[in-house]
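Undergrad:
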Amino acid sequence: MSLATVALSGPVSAGASEPKDEWNVVFQDNFDGPAGSRLNEKDWLYDKGTGYPGGAANWGTGEVEVATDSTENVYQDGSGHMVIKPIRDSAGKWTSGRVETQRTDFGAPAGGQMELSASIQQPNPEKGLGYWPAFWAMGADARPANATNWPSIGEIDIMEDVNALSKHSTTFHCGQWAGECHDPDGITSDLQACDGCQTGFHTYSVIVDRRDAAAEELRFFLDGKQTFAVKQNQVSDATWKAAVDHGFFAIFDVAIGGSYPNKVCGCTSPAPDITSGAGMSVDSFTVKVSKS
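For the sequence shown, position 245 (counting from the first letter as 1) is numbered 245 according to the working numbering, and the numbering increases by one without interruption.
1. Applying the 10 Å Cβ sphere with the 16-neighbour rule, what's the burial state of Trp-94?
2. With distance defined between alpha-carbon atoms, name the residue in Ser-79, Tyr-46, Pro-261 and Pro-151 nearest to Ala-140.
3. Mind checking which residues open and close the beta strand (DSSP E) that includes Tyr-204?
4. Taking only the alpha-carbon atoms, compute the straight-line gap between Ala-16 and Trp-132 and give it to the nearest angstrom.
5. Decide if the region 72 to 92 is in contact with the region 29 to 48; the criterion is three or more beta carbon pairs, one per stretch, under 8 Å apart.
6. Which ranges would you report for the beta strand (DSSP E) in the region 166 to 250 if only whole runs of at least 3 residues count?
7. Quick one: residues in its chain with C-beta nearer than 8 Å to the C-beta of Asp-195, no 5 flanking neighbours on either side, listed in chain order?
8. Determine which residues share a DSSP beta bridge with Glu-160 and list them.
9. Need the endpoints of the alpha helix (DSSP H) that Ser-259 sits in, please.
10. Tell me whether the region 171 to 179 and the region 278 to 291 touch, counting them as touching only if at least three CB pairs, one residue from each stretch, are closer than 8 Å.
11. Could you tell me how far apart the beta carbons of Ile-120 and Tyr-46 are, in whole angstroms, since I believe they sit closer than 8 Å?
12. Less than 7 Å separating the Cβ of Glu-217 from some heavy atom of the ligand MG?
13. When the distance is taken between beta carbons, is Tyr-260 closer than 8 Å to Val-162?
14. Span of the beta strand (DSSP E) holding Ala-118?
15. What three-state label does DSSP hand Val-12 in the structure shown?
16. Kindly indicate the opening and closing residues of the beta strand (DSSP E) around Arg-98.
17. Taking only three categories from DSSP, how would you classify Asn-24?
18. In the DSSP assignment, find the beta strand (DSSP E) that holds Ile-274 and state where it starts and stops.
19. Tell me whether Thr-286 sits in a helix, a strand or coil according to DSSP, three-state version.
20. Taking CB distances under 8 Å as the criterion, tell me whether Glu-180 reaches chain C.
21. Which residue comes first and which comes last in the beta strand (DSSP E) that contains Val-64?
22. Looking at the structure shown, is Ala-147 part of a helix, part of a strand, or coil, going by DSSP?
23. Alpha carbon to alpha carbon, how far is Phe-27 from Pro-19? Give it in angstroms, no decimals.
Following this line, the structure appears as structure tokens:
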């Protein structure tokens with residue numbers, strides 16, 4: 001989840017989200033903790049504040065919430081879900097949650113594939129101008145303090161919606177600012193219809209396919225149907241390898257306001273009357289790897 005996205009051409013086809021290869025689960029969380037409990041901090045890292053140490057303010061996007069580790073903002077609900085809930089206080093200030101996997105080594109091996117997948121119910125606020133839920137991944141080298149290497153280290157946005165539109169977009173960020181990957185916008189599907197995504201759980205996934213070293217690709221899926229793809233030959237080999245051929249960590253968050261919702265609405269968000277407390281629920285998160 002980075003700066004605003006705009007549509008660029010990308011190949012799209014239908015198909016199963018999981019090729020008929022031997023896949024091994026390397027990480028999974030079904031969020032089975034008791035109601036009101038914290039996440040397992042051996043597996044999850046709570047971001048706090050408004051940016052990484054030494055990084056851009058407001059997470060580089062202009063979003064207005066403060067990330068906390070409070071169970072008011074991030075908790076397990078006792079029914080097998082993680083909930084990330086943005087809350088506005090009496091002074092109009094927002095808090096929310098942003099959590100990352102402790103592991104940064106989720107990557108496709110050379111000659112193989114990796115799948116990141118999550119079952120998510122998007123927030124469903126009555127008034128949602130400024131809501132920005134996301135499931136995404138960043139290259140491992142974004143983790144150290146004072147890192148200023150975005151977007152070259154790679155960012156894969158697997159699910160984003162804004163302004164409670166019941167849509168979703170997928171985006172690949174890479175290369176240099178204003179370079180061949182069109183950042184800060186990225187190579188994107190733009191917002192697509194996502195019927196029922198605010199009222200039920202749907203599975204969002206990406207496969208990083210490195211089976212052919214000269215024709216690697218990212219394939220994005222909604223409920224097992226391919227919605228978008230980005231191919232290696234859309235950018236230079238050096239840019240692609242710097243952004244893809246390494247480990248990643250996954251991120252879940254619900255931002256409030258910022259560049260993407262503002263771009264879509266043509267306004268400044270959040271609106272003062274938007275609904276507080278509409279959470280994003282995550283039923284499961286799974287990482288699979290195939291050596292072929």
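Cβ atoms here follow ideal geometry from the backbone N, Cα and C, with glycine treated the same way.
TA: Answer, in terms of the structure:
1. buried
2. Pro-151
3. 202 to 209
4. Its pLDDT being 43, under 50, Ala-16 is placed unreliably in this model, and the coordinates cannot settle the point.
5. yes
6. 167 to 173, 202 to 209, 217 to 222 and 225 to 231
7. Ser-166
8. Ala-134 and Ser-169
9. 259 to 265
10. no
11. So it is not a contact: roughly 19 Å between Cβ atoms.
12. For the structure depicted, the ligand MG is absent and the ligand set is empty, with no information on it obtainable.
13. yes
14. 113 to 121
15. For Val-12, the pLDDT reaches just 42, beneath the cut-off of 50, and the residue's location in the model is therefore unreliable, although a value from the coordinates is still provided. Coil.
16. 98 to 101
17. strand
18. Element bounds for Ile-274: n/a, residue is neither H nor E.
19. strand
20. In summary, chain C is missing from the structure at hand, where a single protein chain is found.
21. Taken as a continuous stretch (DSSP letters only), Val-64 belongs to no beta strand (DSSP E), as it is neither H nor E.
22. coil
23. Low local confidence applies: a pLDDT of 49 at Pro-19 is under 50, so the model's placement there is unreliable, and no value is given.
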